[in-house]
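Chain order of the listed sequences is L and R. Okay, so the first sequence: first residue is 73 according to the numbering used here, each after it adds one. Okay, so the second sequence: first residue is 39 according to the numbering used here, each after it adds one. Where a beta carbon is used, it is the ideal one built from N, C-alpha and C, also for glycine. In what follows, a structure is listed as structure tokens, so that the remarks can point back to it.
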Amino acid sequence: MKRSKSKSPCKLWMIPLAVLMLVMQGCATTKPPSVDPLAYKNRAKSSVNEDVTVTVAVPTNSEAWAIYGVDLASKNIQPVWLEVRNQSADTYWFLRSGLDPDYFSPSEAAFAFRKDSDEAYRKINEHFRNLEFKNPVRPGSTEAGFALVNLDEGVKAIDIDLVSREKVKSFSFIIPDPDFKADYKLVDYETLYDIGDIIKIEDEKELRRVLEELPCCTTNADGDKYGDFLNLVIVGEPDDIVPALVRRNWHLTEVMWSRAILRSIKSFLQGERYRYAPISPLHVYGRPQDVGWQKARGSVNERNHMRFWLSPIRFRGKRVFVGQISRDIGVKFTFKSPTLATHVIDPDVDEARRYFVEDLAYSQALAGIGYVKGVGVVSKEAPRMNLGGDPIYTDGLRAVLFLEPRPYSISEIEQLEWESPLAHPGRWK
Amino acid sequence: MKKIHYTEMKRSCIVGSLICLALFIHACATFEKPATIDEAPVQKRALTKERNGIRAWAAVVSDQEARQIFGIDLSRKRIQAVWLEIENNSDHPLMLMPTAIDPEYFAPMEVAFLYHKSFAADSNAALDEHLLNLNFPIRSLIEPGSRASGYIFTNWTWGVKVIDVDVVGRGFSQNFTFFALNPDAKQGQDILDGIETLFSASELQEMESETALRNVLEQLPCCVSENDGTPNGEPLNVVIIGQIDDWITAFARRGYRYHLLDPRYAFGRAQDLSARKLNRGYTKPQAHVIRLWQMPMRYKGKTVWVAQTGRRLGGRFADKAPLEVTHPLDPYVDEARDDIIQDLAYSQALIKIGHVKGSGRPQQTRTKASPEDGHYTTDGLRVVLVFGDRPASLEGIEFFDWERPADYR
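Laid out in structure tokens, this is it:
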């Protein structure tokens, strides 16, 4: 796979496929699948923060159907099961907006499955409300229940924010969906590097030097062609990073795109905004990205996406991820792709980098920001080409973001006195 | 099924040919850089504020003005330009945060791409260049003693646009809020004037103590009415305390925009303001609406507003109806209230939360609303949200020691 950009399917060849899909949908079963409705609990994951323990699990689409009695996934709704065990002296509240800024309340979701009679609607409503997680979690007690969010198939990034009068506790989880195992290759960060290969750094100056020596760019699989610039570095543990991204509506995205492309077509035809459009692999450290995130905007053609690789560097015990971000601004026709279409990225890639810094500034997890030298200046007049044949240019810096577990407001963010981004072409007086 | 397949194919051929034809015709009208651009009317109209040595100007560019400044019809893609100027006489190098103005703002090259034409590389490049040059220099620091100006491309809004200008420096941030008018929609001015002049200074009741505030808020009417009659409609379930600049930007950051809704009546008049969540994200935004009335009272110098929030039955799954129609009401009205608290907790502007008795009814009473709305269920509480002008993290939010919602379940 040498293409650096994901392909958006061309309209013309999609039409026969669309018809096929419509035909297939017509035959879709409407009976709940026979699965164990409690099986998801066997896959639950727990996390402890002082005297509060959070356990989460994500039912598969068929388990959700068995639990709720209706096919939630058909309306792009997904339940997340949550248990909070509170052994502290404070009362905690779970904030659903942190888990999904566009979550569904039970009565809204129930409406999507209403039957003709009022009585049936009332019943389904009661059922949904009974299943819902109920605030607050009092000292010494345990609460459990579901929250209904927008569907992420394959793998789900989860942020559980609990607030009390005194404290905020955030818990993060990455939960794969066993039904979609084949499509995902979750990287095990623990086994990526041998202990001997880890570069431990305590000093800021040393960190800066090491970050400037990272590779300038991504490459193709053979490692003989440069792709997009590596313009991001995140210093933080997954537990600091995931909540920040989830709160700002970023979603994990898949690399394997055989199924995803079919989903793209379906969403295109149904006028939906597809969240799973795949991003193709680019390579650093001789391997494709460890994780891809995207934030879709107006349509399937407008999104920001990024790829990250875990580096062998640890700064003050925290992991250091190196990454690449760009902004898709539309679709162009191309003979380089079998589908005759590919995403166009904003050639001014620093814009996407700047956007990301700002987006995280509002996530409450950004504790510090600095810039270090990266690829070096690539001018607009003499741009480089990425692997998708799109021109790209940059001031050559990479943004380094330090993420912390405690919430930071925008005025508390520390700015490191390293490099400054190049002056923008705008107007000055 | 085969028949459908065949007609689909036939249609696709026709559509395909039409697209080709359209592309061909399109190619003729390429971008030409305006020879002269007249920004004077925009700048003259700009609103301005100064604080801590920083002065900001802001104005909405009308669709007509946009055509002559940018050389393209921005409104065709529902884009609206905002003009900004920042003069920095503080000690801090500053940076502008455009997502505060619109979380879904457009990058200049993205706008340009939307107006690119086939087979017109030169004019496309000229458009890129033109928009880049006019863009506000969002990526650079505005050094002490300097001024920067330019445009931010936002999603189009009707009437009054809330422009939240956030500038940040090292360990410092400053926020300015403007209510800027789109000159194409004059009605906006009436709304702003109405808010300014609603109460005279002598009418205002000043409160300093929490107890006094709580008493007053508990005495407010329980509900709105649909026809200026008896208050039997949706409950007045939210109280907002704060300067309008502070709380409106909190709503704006979370995707709320001014939206004219069907009238509801309280205090002898229809709502002063109304809003709903609008965004262009890939998921539909939560379908909550809010109607607000200004109160003739101040708590510790801050204005007090009473509001009704709810959601149309079915929310995002409701059958298609005009956005301003808000009934039938979802009978579980407390859900919308609780959702709004959580949403605003992430706005960095909410500083204190409390609950007071609202409709005064015990829990689980079914109240008769308007005939269209049928019954709804509420715990009878109204939430009190206090906003401040300094950014507050989740951890910085305080609580009034008042009613506990869990006791009303």
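Looking only at C-alpha atoms, which of L:His-199, L:Lys-187 and L:Asp-251 sits nearest to Asp-224 (chain L)? L:Asp-251
Strictly below 7 Å CB to CB, what residues from chain L border Ser-431 (chain R)? Gln-436, Pro-479, Tyr-480 and Ser-481
Residues near Val-421 (chain L) in its chain [Cβ-Cβ closer than 6 Å; skip 5 each side]: Ser-398, Ile-464 and Thr-466
If you measure from the beta carbon of Asp-111 (chain R) to each beta carbon in chain A, is any gap under 7 Å? Absent from the structure: chain A. Protein chains present are L and R.
Please report the residue range of the alpha helix (DSSP H) in which Tyr-296 (chain R) lies. No alpha helix (DSSP H) contains Tyr-296 (chain R), which is instead part of the beta strand (DSSP E) from 294-296.
Which listed residue (R:Ala-94, R:Phe-157 and R:Ser-211) has its alpha carbon closest to that of Glu-125 (chain R): R:Ala-94
Classification of Ala-304 (chain R) by the beta-carbon crowding that lies within 10 angstroms, buried from 16 upward: buried
Taking Cβ-Cβ distances below 9 Å as the criterion, which residues of the stretch 196-207 of chain R are in contact with chain L? Asp-204, Val-206 and Gly-207
Measure from the alpha carbon of Ser-236 (chain L) to the alpha carbon of each residue in L:Lys-277, L:Ser-189, L:Asn-303 and L:Asp-162, then state which is nearest. L:Asp-162
Return helix, strand or coil for Ala-163 (chain R), following the three-state DSSP convention. helix
Using a C-beta to C-beta distance shorter than 7 Å, which residues of chain L count as neighbours of Ile-351 (chain R)? Contrary to the premise, residue 351 (chain R) reads as Leu rather than Ile in this sequence. Result: Phe-183.
Glu-513 (chain L): contacting residues in chain R (beta-carbon distance under 7 Å): Lying before the first or after the last residue shown, residue 513 (chain L) is absent from chain L, which here runs from 73 to 501.
Give the range of the beta strand (DSSP E) segment to which Lys-195 (chain L) is assigned. From DSSP, Lys-195 (chain L) is part of no beta strand (DSSP E) but of the alpha helix (DSSP H) over 190-203.
Please list the residues of the stretch 372-402 of chain R that have a C-beta atom closer than 7 Å to any C-beta atom in chain L, keeping them in chain order. Glu-373, Asp-377, Gln-380, Asp-381, Ala-383, Tyr-384 and Gln-386
Please list, in chain order, all residues of the same chain as Ala-104 (chain R) whose beta carbon is under 6 Å from its beta carbon, the five residues on each side excluded. Leu-112 and Ala-119
So with CB distances below 7 Å, who are the chain R contacts of Leu-167 (chain L)? Gln-380 and Ala-383
What residues from chain L crowd round Gln-324 (chain R), counting only those whose CB sits closer than 7 Å? Asp-174
Whole-number beta carbon distance between Val-128 (chain L) and Ile-196 (chain L), since they are thought to touch under 8 Å: That belief does not hold up - the Cβ atoms of Ile-196 (chain L) and Val-128 (chain L) are roughly 25 Å apart, past 8 Å.
Would you mind giving the Cβ-Cβ distance between Ser-119 (chain L) and Val-126 (chain L), rounded to the nearest angstrom? I have them listed as a contact below 8 Å. 5 Å
Test: Phe-401 (chain L) CB closer than 7 Å to a CB of chain R: For clarity, residue 401 (chain L) is Ile in the given sequence; the question names Phe instead. At least one chain R Cβ lies under 7 Å of Ile-401 (chain L).
Go ahead and pull the three-state DSSP assignment for Phe-157 (chain R). coil
On the three-state DSSP scale, how would you describe Met-147 (chain R)? helix
Endpoints, the alpha helix (DSSP H) within which Trp-137 (chain L) is located: 133-140
Span of the alpha helix (DSSP H), counted from its first residue to its last, around Ala-111 (chain L): Segment: none, Ala-111 (chain L) is in no alpha helix (DSSP H) and carries neither H nor E.
Chain R contacts from the stretch 227-247 of chain L (Cβ-Cβ distance under 8 Å): Asp-233, Val-235, Arg-237, Lys-239 and Val-240
Using a Cβ distance threshold of 8 Å, determine whether the stretch 122-142 of chain R contacts the stretch 80-95 of chain R, with at least three qualifying pairs required. yes
With a threshold of 7 Å between beta-carbons, can Pro-493 (chain L) be considered close to chain R, or not? yes
Measure the beta-carbon distance from Val-124 (chain L) to Arg-157 (chain L) and round it to whole angstroms, keeping in mind my assumption that it falls under 8 Å. 7 Å
Can you grab the Cα-Cα spacing for the pair Leu-388 (chain R) / Val-276 (chain R), in whole Å? 14 Å
Bridge partners for Gly-348 (chain R) per DSSP, in chain order? R:Val-327
Look at the Cβ atom of Thr-347 (chain R), then the Cβ atom of Ile-378 (chain R), and state whether they are nearer than 7 Å. yes
Roughly how many angstroms separate the alpha carbons of Glu-142 (chain R) and Val-472 (chain L), rounded to a whole number? 23 Å
Bridge partners - Lys-360 (chain L), DSSP secondary structure assignment: Inspection of the sequence shows that residue 360 (chain L) is occupied by Pro rather than by Lys. Answer by DSSP bridge pairing, in chain order: L:His-355.
Roughly how many angstroms lie between the CA atoms of Asn-114 (chain L) and Asp-108 (chain L), to the nearest whole one? 11 Å
Identify, in the order they occur along the chain, each residue of the same chain with its Cβ nearer than 7 Å to the Cβ of Val-152 (chain L), setting aside the five sequence neighbours on each side. Val-128, Val-130, Leu-171, Phe-218, Ala-219, Val-221 and Ile-230
From Thr-263 (chain L) to Asp-233 (chain L), what does the alpha carbon distance come to, in whole angstroms? 29 Å
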